[in-house]
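**Student:** When we follow our numbering, the leftmost residue of the sequence shown carries the number 1, and every step to the right adds one. Have a look at this one.
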Amino acid sequence: MMPGVPPDDRPVIPPGENLPLSPDPTEPEATALAQSSDALSLSDDASVATAMRRMTRRSFIKAGVAVAAGAGGFYWLKSLPQVQDLAWPFRTALETNERLANALFDPQKTAVTHQRDLAETPRINGEVGVGADFDPAQWQLHVTGLATAKALSLTDIQALPRHEMVTELMCIEGWSTVVQWAGVRFADFVARFASGIRTRYVHLTTPDDAYYVGLDMASAMHPQTLLAFEMNGAPLSLDHGAPLRLVIPVKYGVKNIKRIGTIRFTDERPADYWAEKGYDWYAGL
Ligand SMILES: Nc1nc2c(c(=O)[nH]1)N[C@H]1C(S)=C(S)[C@@H](COP(=O)(O)O)O[C@H]1N2
Ligand SMILES: [Mo]
């Protein structure tokens, strides 16, 4: 399947990615929104309810605040045209989020790191593009969008300086796990295999193109963005993304793509599996 083509018409809520069922009492807006949507029984309008569920909780809250809803707002929303499946105020709020994400992203700001002894094995979450039909021995990393495409082995990548870090893998669902990772910095990978590249974005896809992630270059070049091959002191298992996965602790779990097959440099904002389903493209923390 080509990146950018939605896989099928199944419901778009990822397992373990849906909004918490009960509002977080520490988030007053969330509570207010949940109450107002209950009162309006939006279940008769699948489009608004689905659009809301499709967004990350933060985007949901921001979009809700942007609409400054109240009952009238919700009825007004229901009458609006859809833009890429979302009523346009939601879409506009998401795009504003992206502009803010871009403007506010500080490449020097790092995710919190933890003591090694706090590291645990994360649950196996998200199996798109990591099916059984895969031979790690035949694996190569394809690098495209360069003057000349490259095909690299794991040994080529492991020749770069090794970095370890203990960071929190945060899933949009609301769980997180402290994990120790080892790998190479994406920035070192670029310097060695794509030196001089000046594209705005990078696209990472699984070997079967089923899962794909788009990153802006500043996030990709962040010092904590790793191409990882070890988790908690052992080689990555296939379930966790062997032979090579992305670890990007300044982003939600969705961007931490497992089993990378191709890294493509591009100036066009790349397709992103969960962004296509309405999640915030940046998925920043
Ligand atoms: N190829 C692929 N990578 C993926 C996913 C997926 O479905 N397919 N899910 C993502 C999500 S939602 C999360 S939270 C993390 C979970 O990583 P883990 O299974 O190693 O805990 O992987 C991310 N990377
Ligand atoms: Mo996730």
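Glycine is no exception: its CB is placed at the ideal position from the N, C-alpha and C atoms.
1) Identify the residues that DSSP records as bridge partners of Ser176: which are they?
2) List the whole-angstrom C-beta distance separating Arg198 from Asp216, where the pair is believed to meet the contact cut-off of C-beta under 8 angstroms.
3) Determine the burial state of Gly174: buried for a count of at least 16 other Cβ atoms within 10 Å of its Cβ, exposed for fewer.
4) Between the alpha carbons of Pro161 and Glu276, how many angstroms are there, rounded?
5) Can you tell which of Pro249, Gly278, Tyr212 and Glu268 has its C-alpha closest to the C-alpha of Gly126?
6) To the nearest angstrom, how far is the alpha carbon of Leu154 from that of Trp181?
7) Find the nearest neighbour of Val184 within the set Leu226, Gly253, Val254 and Asn232, judged by alpha-carbon distance.
8) Apart from the five residues just before and just after Gly129, which ones in its own chain have a Cβ nearer than 7 angstroms to its Cβ?
9) Could you tell me whether the stretch 138–152 touches the stretch 255–270, using the rule of 3 or more Cβ pairs below 8 angstroms?
10) Any residue with its Cβ nearer than 5 angstroms to a heavy atom of ligand 2 should be included. What is that list in chain order?
11) Just to confirm, are Arg245 and Ala228 a CB contact at a threshold of 8 angstroms?
12) On a CA-only basis, which of Tyr282, Gly278, Tyr252 and Asp272 is nearest Ile172? Give me that one, please.
13) Name the two residues that bound the continuous alpha helix (DSSP H) containing Arg192.
14) Tell me which same chain residues have a C-beta within less than 6 angstroms of the C-beta of Glu168, skipping the five on either side of it?
15) Measure the Cβ-Cβ separation of Val247 and Leu285 and say whether it is below 8 angstroms.
16) In three-state terms, what does DSSP make of Ile157?
17) Less than 7 angstroms between the CB of Thr206 and some heavy atom of ligand 1, yes or no?
18) With C-beta atoms as the reference, is Phe290 less than 8 angstroms away from Ile157?
19) Quick check on this structure: which residue in Trp281, Gly131, Asp133 and Gln108 has the alpha carbon closest to the alpha carbon of Gly214?
20) If you drop the 5 nearest sequence neighbours on each side, which residues of the same chain put their C-beta closer than 6 angstroms to that of Asp38?
21) Mapping the DSSP letters down to three states, classify Arg123 as helix, strand or coil.
22) To the nearest angstrom, report how far apart Asp272 and Gln224 are at their CA atoms.
23) For a quick check, are the C-beta atoms of Phe105 and Ala283 less than 8 angstroms apart?
24) Can the beta-carbon of Val166 be found closer than 8 angstroms to that of Thr113?
**Tutor:** In terms of the structure at hand:
1) For this step, residue 176 is matched to residue 176 along the sequence shown. Bridge partners of Ser176: Met170.
2) The sequence position of residue 198 within the sequence shown is 198, counting from 1. The sequence position of residue 216 within the sequence shown is 216, counting from 1. Not really, about 13 angstroms apart at Cβ, beyond 8 angstroms.
3) Start at 1 with the first residue of the sequence shown, and residue 174 comes out as number 174. Burial call: exposed.
4) Position 161 of the sequence shown, counting from 1, holds the residue named residue 161. Position 276 of the sequence shown, counting from 1, holds the residue named residue 276. Near 35 angstroms, if we compare the C-alpha coordinates of Glu276 and Pro161.
5) For the purposes of this step, residue 126 is taken as the residue at position 126 of the sequence shown. Nearest C-alpha to Gly126: Tyr212.
6) Stepping through the sequence shown from its first residue, residue 154 is reached at position 154. Stepping through the sequence shown from its first residue, residue 181 is reached at position 181. About 16 angstroms.
7) Walking along the sequence shown from the start, residue 184 turns up at place 184. Among Leu226, Gly253, Val254 and Asn232, the Cα nearest to that of Val184 is on Leu226.
8) The residue labelled residue 129 in the question sits at position 129 within the sequence shown. Excluding sequence neighbours, Gly129 sits near Thr206, Asp208, Ala210, Tyr211 and Arg259.
9) yes
10) Cys171 and Gly253
11) Against the sequence shown, residue 245 aligns to sequence position 245. Against the sequence shown, residue 228 aligns to sequence position 228. Yes, they are a contact pair.
12) Start at 1 with the first residue of the sequence shown, and residue 172 comes out as number 172. For the residues Tyr282, Gly278, Tyr252 and Asp272, the minimum Cα distance to Ile172 belongs to Tyr252.
13) Locating residue 192 in the sequence shown gives position 192, counting from the first residue. First-last of the alpha helix (DSSP H) with Arg192: Phe186 to Phe193.
14) Here residue 168 refers to the residue found at position 168 when the sequence shown is read from its first residue. Result list for Glu168: Ser176 and Val178, in chain order.
15) For the purposes of this step, residue 247 is identified with residue 247 of the sequence shown, where counting begins at 1. For the purposes of this step, residue 285 is identified with residue 285 of the sequence shown, where counting begins at 1. It is not a contact, given that the beta carbons lie outside the stated cut-off.
16) Within the sequence shown, residue 157 is the residue found at index 157, counting from 1. Ile157 falls in the helix class under three-state DSSP.
17) Within the sequence shown, the letter at position 206 stands for residue 206. Because some heavy atom of ligand 1 lies under 7 angstroms away, the Cβ of Thr206 counts as near it: yes.
18) Outside the displayed span of the chain (1 to 285) sits residue 290, for which this structure offers no information.
19) Here residue 214 refers to the residue found at position 214 when the sequence shown is read from its first residue. The shortest C-alpha separation from Gly214 is found at Trp281.
20) As a first step, residue 38 must be located in the sequence shown, where it is residue number 38. Summary for Asp38: the model assigns pLDDT 36, below 50, so the residue's position carries little reliability, and this model does not support an answer.
21) Position 123 of the sequence shown, counting from 1, holds the residue named residue 123. Here Arg123 sits in coil by DSSP.
22) Within the sequence shown, numbered from 1, the residue matching residue 272 stands at position 272. Within the sequence shown, numbered from 1, the residue matching residue 224 stands at position 224. Each residue's alpha carbon lies about 21 angstroms from the other.
23) What you label residue 105 is simply residue 105 of the sequence shown in a count that begins at 1. What you label residue 283 is simply residue 283 of the sequence shown in a count that begins at 1. The answer is no: Cβ separation not under 8 angstroms.
24) One-based indexing of the sequence shown puts residue 166 at position 166. One-based indexing of the sequence shown puts residue 113 at position 113. Yes, the Cβ-Cβ distance between Val166 and Thr113 is below 8 angstroms.
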